[in-house]
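One structure is given below, encoded as structure tokens.
Number of protein chains: 2
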Amino acid sequence: MNERKIKVLQAIIQDYIETAEPVGSRTLSKKHNLGVSPATIRNEMSDLEELGYLVQPYTSAGRIPSDKGYRIYVDNFMEIKMIAYLQRKNIKKKLLEQFGEVEQLLQHSAKIISQLTNYTSAVLTPQIKNDKIKRIQLVPIDKYNLIAVMITDTGNIKSPLVNVPDGVEYDEAEKLSNLLNDKLQDKSIKDVEINILDNLELELYELNNIIETVVPKIFNFLEGLDDVELFLSGTTNIFNFPEYNDIIKAKTFLTMLEEKEIMTDLISSTKNDGISISIGSENLHQEAKDCSLVTATYKIDDNIIGKLSVIGPTRMDYSNVVSVVKQVSQYINELLRTRYK
Amino acid sequence: MNERKIKVLQAIIQDYIETAEPVGSRTLSKKHNLGVSPATIRNEMSDLEELGYLVQPYTSAGRIPSDKGYRIYVDNFMEIKMIAYLQRKNIKKKLLEQFGEVEQLLQHSAKIISQLTNYTSAVLTPQIKNDKIKRIQLVPIDKYNLIAVMITDTGNIKSPLVNVPDGVEYDEAEKLSNLLNDKLQDKSIKDVEINILDNLELELYELNNIIETVVPKIFNFLEGLDDVELFLSGTTNIFNFPEYNDIIKAKTFLTMLEEKEIMTDLISSTKNDGISISIGSENLHQEAKDCSLVTATYKIDDNIIGKLSVIGPTRMDYSNVVSVVKQVSQYINELLRTRYK
DNA sequence: AATTAGCACTCAACATGATAGAGTGCTAAT
DNA sequence: ATTAGCACTCTATCATGTTGAGTGCTAATT
Chain A
7 MNERKIKVLQ AIIQDYIETA EPVGSRTLSK KHNLGVSPAT IRNEMSDLEE
57 LGYLVQPYTS AGRIPSDKGY RIYVDNFMEI KMIAYLQRKN IKKKLLEQFG
107 EVEQLLQHSA KIISQLTNYT SAVLTPQIKN DKIKRIQLVP IDKYNLIAVM
157 ITDTGNIKSP LVNVPDGVEY DEAEKLSNLL NDKLQDKSIK DVEINILDNL
207 ELELYELNNI IETVVPKIFN FLEGLDDVEL FLSGTTNIFN FPEYNDIIKA
257 KTFLTMLEEK EIMTDLISST KNDGISISIG SENLHQEAKD CSLVTATYKI
307 DDNIIGKLSV IGPTRMDYSN VVSVVKQVSQ YINELLRTRY K
Chain B
7 MNERKIKVLQ AIIQDYIETA EPVGSRTLSK KHNLGVSPAT IRNEMSDLEE
57 LGYLVQPYTS AGRIPSDKGY RIYVDNFMEI KMIAYLQRKN IKKKLLEQFG
107 EVEQLLQHSA KIISQLTNYT SAVLTPQIKN DKIKRIQLVP IDKYNLIAVM
157 ITDTGNIKSP LVNVPDGVEY DEAEKLSNLL NDKLQDKSIK DVEINILDNL
207 ELELYELNNI IETVVPKIFN FLEGLDDVEL FLSGTTNIFN FPEYNDIIKA
257 KTFLTMLEEK EIMTDLISST KNDGISISIG SENLHQEAKD CSLVTATYKI
307 DDNIIGKLSV IGPTRMDYSN VVSVVKQVSQ YINELLRTRY K
């Protein structure tokens with residue numbers, strides 16, 4: 007790989023990202039003045055193909071980058087521009103405007119990212135099951151209903167309604183509330199187990215029948231908590247790209263987006279620090295073999311708790327996407343840090 | 007409109023719904039044995055076109071139903087089959103399985119409807135701003151944070167986190183809690199106004215600075231509550247239909263689905279009892295001029311609180327869709343009634 | 001030894017033209 | 001009032017030819 011090969015490869019990739027057309031030697035020598043004739047470029051291209059960085063859609067067509075080509079580009083040649091000051095300010099403003107609950111913030115981040123990149127963005131919420139319960143309190147509504155309010159160390163609030171057919175008095179609820187708080191505080195949700203029930207019954211035997219109805223319901227609720235949520239935004243953006251002019255391709259892509267499990271897998275299997283890029287066949291699922299993902303993490307308390315991702319064709323403007331994703335994730339981190347410390 | 011015209015129209019509509027191909031006189035006389043020759047059918051078709059029930063995509067093609075044609079079919083000729091017993095049981099089972107919070111139930115209903123109909127389904131959640139506050143309670147988390155738990159008469163639970171920079175004591179929170187409860191109970195959310203603040207300050211002057219931080223935050227939260235939420239399911243189902251083989255049509259449709267305002271308008275502008283069908287150009291928005299909506303309402307407390315809808319091409323299997331939507335909405339009503347009474 | 005001009009060859013994309021087939025509307029016969 | 005017969009219309013499809021961007025190889029040039 008001499009200097010010139012690198013230049014040629016880089017030029018081809020940039021051109022292809024821009025035009026979506028296979029790049030030929032003549033076009034290349036015209037646009038990017040490499041100082042050599044098309045014939046020379048042809049030879050280099052032939053070499054690059056042999057090395058696996060380029061492919062030819064058919065004989066006597068121009069070349070397009072292979073997954074391996076994108077990979078070497080992304081790892082070695084790509085320049086990441088800093089996002090413009092005004093745009094940065096704008097992102098921050100928009101994020102602050104919408105910062106009610108954490109989920110709102112994330113949903114809105116997805117929207118901002120898809121608008122700025124023109125691709126589809128996907129955000130994974132924190133894995134709430136790893137959260138520790140910070141406080142739990144039973145709030146009576148009437149004789150037969152109460153709300154079990156819980157807040158976790160990462161600021162997640164859950165408040166399921168619990169029905170008590172036999173009725174419950176105010177002071178009973180309070181007693182049970184205190185007891186639950188003692189037992190569950192600082193436990194992570196997935197560690198809460200049903201056998202805690204037995205301990206409770208021993209300690210507070212006069213409330214046995216209430217405990218027996220309320221506690222299992224809370225456990226069931228915690229059990230049933232969706233592990234992560236997935237927010238999508240800009241799903242129709244793919245219609246901007248010629249690779250999805252084929253109705254079957256478009257359908258396949260959109261169907262994949264609808265499958266929460268696949269998306270969750272794709273996103274959460276990326277590496278856990280900084281920006282991670284996974285290209286075409288590198289992806290965990292066959293369904294995403296024509297797509298690339300650019301993923302960032304966001305944290306609270308120095309624990310990784312979620313990821314945000316851009317998904318689009320492998321012919322993606324990686325440089326721009328990386329800078330947007332990086333910036334937004336950085337702001338989310340800032341906002342979450344100031345909020346929950 | 008003699009008897010025979012009706013039969014011909016009906017046959018054309020059913021055939022077109024099934025095949026998506028313009029229906030010609032010969033095909034028609036073969037499939038549905040109407041007892042007359044193609045030539046006679048041709049004459050009837052010509053009449054029906056003049057009456058506005060049919061249109062011809064181009065000279066010398068078969069006929070397809072116009073919006074007006076579908077309308078008369080839906081209003082007068084359509085038979086609605088009762089959905090099969092086993093299927094009914096299955097719907098109920100699935101709904102019960104997933105009945106945690108109301109929102110979950112609705113989200114799941116959307117999924118069931120889209121699966122059973124093969125179209126896209128959209129569900130509008132209750133207009134929470136019309137709900138009355140049943141109970142409000144402040145739950146302290148630590149010195150600087152508390153959760154304002156609210157439950158409404160329709161069973162909606164909201165629990166925003168409220169930050170109190172100056173700190174708040176346990177008993178202060180309780181006092182304020184009781185006061186808020188007194189003042190806000192049975193008020194509808196949209197009637198809660200900021201000037202209530204002033205009254206509170208007069209009554210509980212020793213808590214002035216806490217009231218000043220906490221109460222406005224709760225008001226802001228209530229103000230900012232999204233009026234309705236929209237759940238979609240089966241958005242990629244449209245790719246099953248030849249009318250969306252055209253990439254532009256597909257894009258237009260999916261883009262419309264992404265626009266919450268349009269969808270909310272379309273659905274909520276339908277009539278408020280029983281099943282409502284709106285066909286093509288009858289729809290409120292230009293964007294939906296090739297679509298039909300079949301919409302049902304669901305209620306709690308005899309107040310209409312939400313709608314569920316199927317959206318698809320005007321060439322929709324109205325009969326089947328109506329029966330599914332009717333059945334699901336009925337079950338939702340049942341479940342909500344037993345739950346919140 | 002590296003570069004490049006020249007040239008024959010390849011292949012998708014597009015335009016053209018011919019044909020088949022489903023359908024219509026009209027007229028005259030039943 | 002109904003229908004058979006017929007000329008006509010229009011789309012869809014297929015084969016054919018042309019264009020143009022691109023390649024790879026060879027021989028000439030630097």
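So the protein lines, in turn, are chains A and B.
The number in the working numbering is simply the position in the first sequence, starting from 1, with 6 added.
The number in the working numbering is simply the position in the second sequence, starting from 1, with 6 added.
C-beta: ideal position from N, C-alpha, C; glycine also.
Pull up the DSSP beta-bridge partners for Q133/B, would you.
The partner list for Q133/B (beta bridge, DSSP) is empty, contrary to what the question assumes.
May I ask you to report which of helix, strand or coil DSSP gives M269/B?
Helix.
Quick check: is the beta carbon of S194/A nearer than 8 Å to any beta carbon in chain B?
Not an interface residue.
Taking the alpha-carbon of I23/B as reference, which of N39/B, P71/B, K36/B has the nearest alpha-carbon?
For the set N39/B, P71/B, K36/B, the Cα lying nearest the Cα of I23/B is the one of P71/B.
Can the beta-carbon of L314/A be found less than 8 Å from the beta-carbon of A294/A?
No. Outside cutoff.
Enumerate, from N- to C-terminal direction, the unbroken beta strand (DSSP E) stretches of 3 or more residues contained entirely within the region 159-211 of chain B.
Given a length threshold of 3 residues, each whole run of the beta strand (DSSP E) inside the region 159-211 of chain B is given here in chain order: 167-169.
contact_flag[the region 226-239 of chain A, the region 262-277 of chain A] where n(CB pairs < 8 Å) is 3 or more:
Yes, they touch.
By how many angstroms is the C-alpha of A26/A removed from the C-alpha of F259/A?
The straight-line gap from Cα to Cα measures roughly 18 Å.
Below 8 Å, how does it come out for the region 224-231 of chain B and the region 111-131 of chain B: are there three or more Cβ pairs, yes or no?
Verdict: no, contact absent.
Taking R343/A as the query, report the chain B residues whose CB atoms sit under 7 Å from its CB, ordered along the chain.
Chain B residues near R343/A: none, gap ~15 Å exceeds 7 Å.
Between which two residues does the alpha helix (DSSP H) holding R77/B run?
Where R77/B is concerned, the enclosing alpha helix (DSSP H) stretches over 73-78.
What separation, rounded to the nearest whole angstrom, lies between the Cα atoms of A256/B and S239/B?
If you draw a straight line from the Cα of A256/B to the Cα of S239/B, it is about 16 Å long.
Residue ranges of each alpha helix (DSSP H) run of no fewer than 4 residues wholly in the region 25-72 of chain A, ordered along the chain?
DSSP runs (the alpha helix (DSSP H)) wholly in the region 25-72 of chain A: 31-37, 44-57.
K99/A, buried or exposed, once every other Cβ within 10 Å from all chains shown has been counted against 16
Burial is judged here by how many other beta carbons sit within 10 angstroms of a residue's own beta carbon; K99/A has fewer than 16 and is exposed.
When you compare only the Cα positions, how much space is there between D252/A and N96/B?
So the two alpha carbons sit approximately 37 Å from each other.
For N169/A and Y176/A, the rounded distance between their alpha carbons
Straight-line Cα distance between these residues: approximately 14 Å.
Candidates I285/B, N8/B, L213/B, Q143/B, of which the one nearest Q191/B by Cα
It is Q143/B whose Cα lies nearest to the Cα of Q191/B.
Taking 7 Å as the limit between beta carbons, can you name the residues of its chain near V220/A, skipping five residues before and five after?
The answer, listed in chain order, is V168, V170, L182.
Which term fits Q110/A, buried or exposed, when burial requires 16 or more other beta carbons within 10 angstroms of its beta carbon?
Its Cβ having fewer than 16 others within 10 Å, Q110/A is exposed.
Quick one: is K140/A buried, meaning 16 or more other Cβ sit within 10 Å of its Cβ, or exposed?
By the neighbour-count definition (other C-beta atoms within 10 Å, threshold 16), K140/A is a buried residue.
Just curious, the alpha helix (DSSP H) that G230/A is in, first and last residue?
First-last of the alpha helix (DSSP H) with G230/A: 214-230.
Min CB distance F83/B to chain A below 8 Å
No - not a single Cβ of chain A is within 8 Å of the one on F83/B.
Determine, using beta carbons only, whether T303/A and I310/A come nearer to each other than 8 Å.
Less than 8 Å separates the beta-carbon of T303/A from that of I310/A.
Under 8 Å between C-beta atoms of I119/B and V330/B
Result yes, Cβ atoms of I119/B and V330/B sit closer than 8 Å.
Determine, for S115/A, whether the minimum Cβ-Cβ distance to residues of chain B falls below 8 Å.
Not a single C-beta of chain B is nearer than 8 Å to the C-beta of S115/A.
Which of the three DSSP states is assigned to K295/A in this structure?
Collapsing the DSSP output to three states places K295/A in coil.
Contact set between the region 157-187 of chain A and chain B, restricted to residues whose Cβ is under 9 Å from the partner:
Cβ contacts with chain B come from I157, G161, I163, K164, S165, P166, L167, N169.
Tell me whether the region 68-87 of chain B and the region 272-287 of chain B touch, counting them as touching only if at least three CB pairs, one residue from each stretch, are closer than 8 Å.
These segments touch.
Own chain residues within Cβ distance below 6 Å of D21/B, not counting five before or after
Only residues of its own chain outside the window of five on either side were considered, and among them V29 have a CB closer than 6 Å to the CB of D21/B, listed in chain order.
Look at S115/B and I306/B and say whether their C-beta atoms are less than 8 Å apart.
No. Outside cutoff.
Simplified DSSP assignment, three categories, for E278/A
A small correction: the amino acid at residue 278/A is Asn; Glu does not occupy that position in the sequence shown. Coil.
Is the region 81-97 of chain A close to the region 48-60 of chain A, with three or more CB pairs under 8 Å?
Note that the region 81-97 of chain A does not touch the region 48-60 of chain A; fewer than 3 beta-carbon pairs, one per stretch, sit closer than 8 Å.
Residue closest to N201/A, alpha-carbon to alpha-carbon, out of P44/A, E218/A, L213/A:
Cα-wise, what sits closest to N201/A is E218/A.
Would you please verify whether the beta carbon of K135/A is less than 8 Å from any beta carbon of chain B?
Look at K135/A: its C-beta is not under 8 Å from any C-beta on chain B.
Neighbouring residues, chain B, relative to E147/A (Cβ below 8 Å)
The question names Glu, but residue 147/A in the sequence shown is Ile. Those are K140, R141, I157, listed as they occur along chain B.
Need the endpoints of the alpha helix (DSSP H) that L101/B sits in, please.
Its alpha helix (DSSP H) spans residues 91-103.
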